[in-house]
Structures are given as C-alpha cells and as structure tokens.
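Report on one structure; see the data block that follows.
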Amino acid sequence: MRQVAILGVAMTKFGVLEKTNLEMFAEAGLEAIALSNLEPKDMEALYFGNCLGDFEEGQMHMAPFAHAELGLPVGVPATRFESACATATVAIRHAALLVGSGVYDVVLAGGTERACAMGTPLATRTFAMGHHAQHESTAGLTFPGVFAMAAHIYSEKYKVPLKELKRNMAEVAVKNHFHGAMNPKAHFQKEIDVDTVLDGMMVADPLQLFDCCPFSDGAAAVVVAEAGKARDLVKKPVYIGGMGQASAGPLYLQKDLSRVMAREASIAQAYRESGLGPDDVDVVELHDCFTIAEILALESFGLYEFGKAYDAAAKRETYLGGRVVVNPSGGLKAKGHPIGATGAAQVTEIVEQLRGESGPRQVEGARVGLVDTLGGDFGTICNIVLRN
Amino acid sequence: MEYKLTYEQFQQGLERGELLGLKCNTCNSVTFPPMVRCRECNSTDLEVTQMSGKGTIRTFTVIRVAPEGMTPPYVVAMAETDEGAWVMGNLVGIDPDDAHMGLMGKKVSLGSHLVKGDTYSGGDSRVITFSLV
C-alpha cells in the first residue's frame, strides 16, 4: 500500500441551518479542495456520505447532484456511502484504501446531513431505522434507548451504583460542552454544569436530555491524496497511520452492551496497521452520541481498563491539558451530530490539531490523533489513526 | 440455502401463542429469533423447536421520547431466554415509572403483542413481551 495523506479539510458550522444538503456539502467540499491548492477538476472520485436525504428533502441518489454542484468532470465517479452515523468515516476510509492501492491519486470524501428539517418525532423514527427492522425497532427502540440499556448493564456489571454512574456521565457532557464553547463551528457553544444534565428531562431512562447529542445540520469534507503528491501541494500534510473497520449484528446477538465488539476489532486493526498503541495517542475525537458512549469507547481503545473509564472526565484526565484529550471539538455532544457528516468533521478536527491550527482548544504538541465513529446499534465502527 | 423458519412463519407462531426457535443439530444451541444459521456455530443443520418461554431480564430502558407513531412511556428490555439466546422486546404489566435497577436479573415469561405497522414498515407485527413472574 502507498502512504496516504489528508490535505485540505473543511466543515460548515454545525447547528440548525437554513441550507440544503447540497449547499452545505458544496461549501465544505470547495473549501477543502481550495485548501489543498487544487481545483475540482483535479478530483478523481467523490465519496459522498448522506444517511437520510430521502426523508429530509425527498432526495435519494444525492451523490451525482453533489458532483454537479462541485463542478467535477463527468468522468469522475460520485458514490454515496451510508453506514448510519459512521457514514463519512467509512467514505474516507474507502477513499484512502483506493488511493493507497494506486487506483486514484486524489479523492474528495465527506458527508452532509440536514436532520433538523425532519423535526424530532420523524427524526427519531428515521434514526430508529438503524435498528433491526423486524426484531428490534418494532419494540419502539430508539438510539437513546440503546445506550440507556448499555448504561444499565455497565452499572450492574461493574458495580457502579446508577446514581454515581449518572453523575460521572454528566461530567462527560460538562467536559464536551467546555470544549465546544471554544469551537466557533459547534452547534452548542455554551458551558453547562452537572446540574444542567441531572435536571434535564428524561429521554430514555437513565439518559436525560444533556446525556444526548442533538440532531444537527452540517457538512464536512476532506481531500485524500497519495503522500508524495500531498507533500508537493501543502506545507503540513497529515498522514494516515492506520485504519480499522468492523461490523456486528443486532443487539440481541451482541448481548453484553458494555463491550462494543466491533470497536475492539476495528481499533485492533488500526493499531496494528499504524504500529501504534493507546500510549501513543495524544488526542481523540470519539463517538460521544451519548455520555455513556464516550466511557465505553475509552475502554475499547485500551486507554482505560474495562469498568474504569467512567470517572475519567470527573478526574479531568480527558480535558484539554489532561493525559489524553478527548473530543476537543466538543464532540458530537456539543459540536453537534449531522450523522452523514460527523466522521469527516472528526477527521477535520484531528487534522487541524496535528497541524497546530486549533486556536484556544489546541492540544499542545499533538502528534498522533485517533478518530472513532460508531454507526447504528454498535453495528459499524470505523477508526482512523492520523499522525504528523 | 433455505430458511427452516422464516420471519413470516415465526410471526404466525407468535399469533398462535407459540414461541418458535431453531435447535442446532451440530452444537445444540438454540437460535431465537430465527436466522438462516446457528447463532453460535454457523451450522445450517437446524430444526424448529418450541421455546420454554422463560427468561431473565438482562437490561431495560423506559422510552420517554418515542419515534413518530409510538406512544411513550413504555419499557424496552432485553432478556436472556433459558435456552441462552437473548431477545429484544417490551416489558409489560408494570407502570413504566416503576422500572428501576431492581429489574436486572428478574425472571420473566415470554409472550407477544401486536404492534401496528407504519408507513415505513412492512405492516403489523407481533413483538416479544416479557412479564415478571
């Protein structure tokens, strides 16, 4: 495999936006191409992420329209990726695989989502389409419900009383809002405290409103290129050290939801390919769709032993300046979660961190960063290790 | 490769009050709900079996913000059947506000109830229920 680098990265502001999916994606895509010192005609493929355009805008098969919006040549293929919330990370991984294997030299990858256009009841219904349609969603399961069930298993298995676990989960939200308050692109740029979380409305017991990330609109895109070409084009290419992706089936087959089996397989691939391990990681953008999700992820990465990550935020170990900085962008919790775009925004944050371009939320001396994105009922995990 | 027990046949069983699973002739595991192969060893040498209808609550949640078309609050739970397979369903017969950590590990009997289909699903379906014993 050839060495692969990320050149330009860009994201729109995340939040409730008055723009179409295509407008958001074109803004991010054109900025990423320009920051790579390239032009749209230089792209050899578009790997385009979107999950729910059918319901948001009545638009399926959005990739060719994004291609036209960007002004890519007709001979450049545009392909839609859908891996639920892991969509854009999977698109970027496949771009990197084809650049690494020599099929292409330069690919634009990313995603867009306009979830807020649906309103909460329809958005909750369409997100629930990520559960097994016959054996799980008919019971009225929701995504907060999945992670709520994981929190109950965690409390029982590791003998952490639910009240104590919830207070520590609230600390995860407090941390990610603290980071998000420094991110001008974040959906929520506001600090909160533990009481904000514990006084919130109950969504799915034991998860309250501020345990949950929001529905968001937004887009993000990155240019993936062969490393030699990257060095000719930009001052600070960031290299893909290793990648992983793994899959698991319905929850009733996964059983113990305190262990995300697909993540354990995916991160093992990424560590092996990069020759790096948890001790090498300086900064992480991980999938904190719910507060408990961040705790589970830290344990899967080997950054903490199983059953031990629940108080990492409370001890400030995962804050800026802590032993490993987790979600300096604000994470899905505060930065927002336009599901088809999320992975590309995580890559954007890590690339900017490794280039030293993150301003007040810069992780000093960051050399190795980890991207982690989860799709569906722990069904897809994609990890990318990035390095200087 | 033909399914020994399709989703439709599984649903018809629930309608008759039968919990149909698949016993593996290779490793003796029981697969429930049905799949084309054994959930443990991937063998396709399976035969239809009646489940005991007994299980243990392994986790639960109370859904208070529901998808369009569902009326909260209601309890979603996963139970481990006495045959070893886990299954998703609704815990019924209790006030959702009484659902707390004391439910973990509680014995339940399995049944099913009818859930109306919506625009996006393939029609009405029967969903597994759990009742405390």
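Each protein sequence line maps, in turn, to chains G and X.
Residues 1 to 388 in our numbering are what the first sequence spells out, letter by letter.
Residues 389 to 521 in our numbering are what the second sequence spells out, letter by letter.
Think of the CB as a built atom: it goes at the ideal place given N, C-alpha and C, for glycine as much as any other residue.
Treat the numbers as computed from the prediction; the structure is a model and nothing was measured.
Proximity test, residue i beta-carbon vs the ligand PLP heavy atom, cut-off 7 angstroms
i, result
"glutamate 44 of chain G", "Questions concerning the ligand PLP fall outside what the structure shown contains, since it holds no ligand whatsoever."
For residue i, three-class secondary structure by DSSP
i, result
"glutamate 226 of chain G", "strand"
"histidine 501 of chain X", "strand"
"leucine 35 of chain G", "helix"
"methionine 423 of chain X", "coil"
"cysteine 116 of chain G", "helix"
"methionine 149 of chain G", "helix"
"serine 440 of chain X", "coil"
"arginine 80 of chain G", "strand"
"phenylalanine 188 of chain G", "coil"
"isoleucine 339 of chain G", "coil"
"valine 480 of chain X", "strand"
"alanine 109 of chain G", "strand"
"valine 74 of chain G", "coil"
"alanine 204 of chain G", "strand"
"glycine 331 of chain G", "helix"
"threonine 126 of chain G", "helix"
Rounded C-alpha distance that separates residue i from residue j
i, j, result
"arginine 323 of chain G", "glutamate 285 of chain G", "14 angstroms"
"lysine 159 of chain G", "leucine 491 of chain X", "15 angstroms"
"alanine 170 of chain G", "alanine 293 of chain G", "12 angstroms"
"lysine 411 of chain X", "glutamate 435 of chain X", "5 angstroms"
"tyrosine 319 of chain G", "leucine 332 of chain G", "15 angstroms"
"isoleucine 516 of chain X", "leucine 374 of chain G", "27 angstroms"
"aspartate 195 of chain G", "valine 172 of chain G", "13 angstroms"
"glycine 218 of chain G", "proline 338 of chain G", "6 angstroms"
"proline 73 of chain G", "glutamate 56 of chain G", "27 angstroms"
"lysine 41 of chain G", "leucine 30 of chain G", "11 angstroms"
"glutamate 44 of chain G", "leucine 520 of chain X", "59 angstroms"
"serine 83 of chain G", "histidine 287 of chain G", "14 angstroms"
"glycine 15 of chain G", "leucine 498 of chain X", "43 angstroms"
"leucine 393 of chain X", "leucine 408 of chain X", "8 angstroms"
Contact with chain G by residue i, beta-carbon distance below 8 angstroms
i, result
"valine 453 of chain X", "yes"
"arginine 427 of chain X", "yes"
"phenylalanine 518 of chain X", "no"
"leucine 418 of chain X", "According to the sequence shown, residue 418 of chain X is valine rather than leucine. Valine 418 of chain X does not count as touching chain G."
"glutamate 396 of chain X", "no"
"serine 513 of chain X", "yes"
"glycine 401 of chain X", "no"
"glycine 490 of chain X", "no"
"valine 475 of chain X", "yes"
"methionine 524 of chain X", "Outside the shown range of chain X (389 to 521) lies residue 524 of chain X, about which nothing can therefore be said."
"glycine 457 of chain X", "yes"
"asparagine 478 of chain X", "yes"
CB contact check: residue i to chain X, cutoff 8 angstroms
i, result
"histidine 187 of chain G", "no"
"alanine 170 of chain G", "no"
"proline 214 of chain G", "no"
"glycine 145 of chain G", "yes"
"isoleucine 153 of chain G", "yes"
"histidine 135 of chain G", "yes"
"lysine 255 of chain G", "yes"
"arginine 387 of chain G", "no"
"alanine 204 of chain G", "yes"
"methionine 129 of chain G", "yes"
"arginine 125 of chain G", "yes"
"tyrosine 252 of chain G", "yes"
Alpha helix (DSSP H) segment containing residue i, residue limits
i, result
"valine 99 of chain G", "87 to 100"
"glutamate 465 of chain G", "Since the first residue of chain G shown is 1 and the last is 388, residue 465 of chain G is not available in this structure."
"serine 266 of chain G", "261 to 274"
"glycine 180 of chain G", "162 to 180"
"glutamate 299 of chain G", "291 to 300"
"phenylalanine 398 of chain X", "395 to 403"
"tyrosine 252 of chain G", "251 to 254"
"leucine 198 of chain G", "194 to 198"
"glycine 375 of chain G", "Unbroken run through glycine 375 of chain G is the beta strand (DSSP E), 368 to 375; no alpha helix (DSSP H)."
"glycine 53 of chain G", "53 to 56"
Unbroken beta strand (DSSP E) run spanning residue i, endpoints
i, result
"isoleucine 6 of chain G", "4 to 11"
"glutamate 468 of chain X", "462 to 469"
"glycine 242 of chain G", "238 to 247"
"glutamate 285 of chain G", "283 to 285"
"phenylalanine 518 of chain X", "513 to 520"
Quick test of the definition: if touching needs 3 or more C-beta pairs under 8 angstroms, does the region 197 to 209 of chain G touch the region 442 to 460 of chain X? yes
Between the region 354 to 368 of chain G and the region 119 to 129 of chain G, can you find at least three pairs of beta-carbon atoms closer than 8 angstroms? no
With contact counted as at least three CB pairs below 8 angstroms, one residue from each stretch, are the region 343 to 352 of chain G and the region 125 to 132 of chain G in contact? no
Kindly confirm or deny that the region 172 to 186 of chain G and the region 327 to 341 of chain G touch, where touching means at least three C-beta pairs closer than 8 angstroms. Three or more beta-carbon pairs drawn from the region 172 to 186 of chain G and the region 327 to 341 of chain G are found closer than 8 angstroms, and the two stretches are therefore classed as touching.
Closer than 8 angstroms is the cut-off here; do at least three beta carbon pairs connect the region 219 to 235 of chain G with the region 7 to 21 of chain G? yes
Sufficient close CB pairs (3 or more, under 8 angstroms) joining the region 129 to 140 of chain G to the region 230 to 241 of chain G: As far as the Cβ criterion goes, the region 129 to 140 of chain G does not touch the region 230 to 241 of chain G, which means the pair count is below three.
When the Cβ atoms of the region 249 to 262 of chain G are set against those of the region 389 to 400 of chain X, are three or more pairs found closer than 8 angstroms? no
Mind the definition here: the region 106 to 113 of chain G touches the region 426 to 434 of chain X only if three or more C-beta pairs lie below 8 angstroms; say whether that holds. no
Do the region 16 to 28 of chain G and the region 84 to 96 of chain G make contact, defined as three or more Cβ pairs closer than 8 angstroms? no
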